[in-house]
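Here is the structure we will look at, set down as structure tokens.
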Amino acid sequence: MSFENRPFIVDLTEDQAIIRDTIRDFAEKKIRPVIIEYDEVQKFPMDLLKELGELGFLGILFPEEYGGSGLGYVEFEIIIEELASVDPSIALSVAAHNGLCTSHIFRFGNEEQKHKYVPDLASGKKIGAWALTEPASGSDASGLQTVAEKTNDGYLLNGSKNFITHGANGETAVVMAITDKAKGKKGISAFIVEKDTPGFIVGKKENKLGMRSCETSQLTFENCFVPEENLIGEQGMGFIQSLQILEGGRISIASLSVGLAQGCLDESIKYSKVREQFGKPLSDFQSTQFKFADMLTNIEAARMLTLRAAYMKDKGIPNRKEAAIAKLFASEIAEKAASEAVQIHGGYGFIKDYPVEKYYRDVKLLTIGEGTSEIQRIVIARELLNN
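Going by my numbering, the sequence shown opens with residue 4, and the numbers climb by one from there.
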């Protein structure tokens with residue numbers, strides 16, 4: 004399928020079309036030639052992220068006064084989808100940088116914090132990390148054990164974090180920790196912690212199945228002093244803040260899923276037209292055509308669900324259910340699209356010379372990250388039954 008014929012459901016504004024064309028051109032010219040190399044050695048794409056920062060794609064969601072591009076979640080969806088259709092790893096880095104660390108500081112930080120940290124993050128001068136998950140707490144995010152003990156002029160952080168995107172390369176981190184254990188979820192607070200702070204220790208870099216150039220690391224805090232002015236919002240509000248950040252994160256993973264699925268379809272169509280079996284191209288077989296029809300139907304439905312959640316987010320309309328629906332559906336149809344793409348490629352889908360092999364490895368994270376499919380179903384059911 005040519006890029007020009009790729010359906011988008013809605014009419015784009017002139018500015019949105021320019022954004023789409025710009026990120027598409029960047030992905031094709033700068034990212035596609037290095038995908039295999041970066042994936043093979045798990046190279047963190049700092050060079051590419053710096054260029055994306057210069058183009059304004061690391062500050063998508065933030066006003067110009069804070070160094071951002073002043074765009075919304077609809078544009079965010081367009082950008083992440085386009086990147087993911089070429090390389091989901093780099094799309095994940097851009098999504099996490101915008102939607103987690105930087106968004107947390109921008110949405111819940113005070114003016115001093117926003118002016119101090121957001122411009123460097125939005126421009127790509129610094130990369131952001133967001134530290135919620137721990138070795139013993141995944142889906143049950145409230146079960147974290149990292150503690151922030153109050154001192155006269157700040158807090159001492161002690162504990163460990165696990166599966167942290169940009170844990171090693173992130174220079175600014177938002178870290179959730181317990182400030183009052185007796186209060187449970189309401190005793191969790193959020194802090195801005197800079198990488199060069201004594202006691203901030205970068206641990207093991209994970210050797211992952213997929214998304215290999217988007218590094219994931221462990222973090223440990225040993226009597227890591229955080230000044231009181233680095234507390235984000237009020238003490239005890241960190242968990243509530245995190246839930247709201249995750250709502251936006253689900254839109255980003257849904258967008259990433261749509262892009263990955265679209266990439267699977269594009270590559271499969273291209274391959275089916277040149278690969279012959281029994282004297283004719285694979286694309287002439289009805290069984291292949293039916294796979295394409297199902298893939299496209301699912302992609303368009305996932306794209307519409309994601310754009311709906313993004314639109315609601317931009318308009319300030321509560322979208323917890325809609326974001327969860329988009330994330331659940333898009334991630335699961337992406338998983339199916341990746342499997343079908345490998346099946347269409349046959350033996351060639353199992354080797355690294357063809358992009359679908361990498362899509363197949365990358366896709367599994369999408370039903371896990373920012374809340375598993377099981378968690379999304381819980382969120383959807385609760386929203387449905389409580390209304």
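Yeah, the Cβ is synthetic: ideal placement off N, Cα and C, and Gly gets one too.
Range of the contiguous alpha helix (DSSP H) that encloses residue i
| i | result |
| --- | --- |
| Y120 | 114-126 |
Assigned exposure category for residue i - 16 Cβ within 10 Å defines buried
| i | result |
| --- | --- |
| E322 | Note that residue 322 corresponds to Asn in the displayed sequence, not to Glu. By the neighbour-count rule (16 or more Cβ atoms within 10 Å), N322 is buried. |
| K186 | exposed |
| N301 | buried |
| N8 | With a pLDDT of only 47 at N8, under 50, the local geometry of the prediction cannot be trusted, and no value is derived from it. |
| I320 | exposed |
| S245 | buried |
| F6 | The predicted model places F6 with a pLDDT of 44, which falls under 50 and marks its position as unreliable, so this point remains unresolved. |
| S88 | buried |
| L103 | buried |
| L55 | buried |
| S275 | buried |
| V44 | exposed |
| P393 | The chain is shown from 4 up to 390; residue 393 falls before or after that span and cannot be answered. |
Closest Cα partner of residue i within the set the options
| i | options | result |
| --- | --- | --- |
| H169 | E218, N210, F60 | E218 |
| K208 | F228, A304, A171, A176 | A171 |
| F293 | G262, I347, R306 | I347 |
| I81 | Y314, T223, Y351, G213 | Y314 |
| P36 | D356, N165, E137 | D356 |
| A20 | F79, L103, G127, R215 | F79 |
| S271 | V150, T370, F295 | F295 |
| G266 | S106, K339, L124 | K339 |
| K53 | V121, Q45, A125, G102 | A125 |
| L268 | L299, M240, G282, G173 | L299 |
| Q221 | L212, F203, R215 | F203 |
Nearest-angstrom Cα separation, counted from residue j out to residue i
| i | j | result |
| --- | --- | --- |
| S413 | Q238 | It is not possible to answer for residue 413, since the shown part of the chain is limited to 4 through 390. |
| D183 | N113 | 22 Å |
| I235 | S192 | 8 Å |
| I73 | L259 | It is worth fixing the name first, because residue 73 is Gly in this sequence and not Ile. Spanning the two alpha carbons is a distance of roughly 21 Å. |
| D378 | E85 | Here residue 378 turns out to be Ile, not Asp, going by the sequence shown. Cα to Cα, I378 sits roughly 27 Å from E85. |
| Q247 | A312 | 14 Å |
Delimiting residues of the beta strand (DSSP E) encompassing residue i
| i | result |
| --- | --- |
| Q221 | 219-230 |
| F166 | 157-168 |
| F194 | 191-197 |
| T291 | Not the beta strand (DSSP E): T291 falls in the alpha helix (DSSP H), residues 289-318. |
Residue-chain proximity (residue i, chain D), Cβ-Cβ < 8 Å
| i | result |
| --- | --- |
| E40 | Considering every chain present, this structure includes no chain D. It has just one protein chain. |
Inset, instruction - Taking 8 Å as the threshold, find out whether the segment 148-163 comes into contact with the segment 115-125 through three or more Cβ pairs. - result: no
Inset, instruction - Spell out a yes or no on whether the segment 92-107 and the segment 58-66 are touching, meaning 3 or more CB-CB pairs, one atom from each, closer than 8 Å. - result: yes
Legend entry - the segment 221-233 contacting the segment 296-311, beta-carbon criterion three pairs below 8 Å: Touching, no.
Legend entry - contact_flag[the segment 248-264, the segment 364-383] where n(CB pairs < 8 Å) is 3 or more: Result yes; three or more Cβ-Cβ pairs closer than 8 Å.
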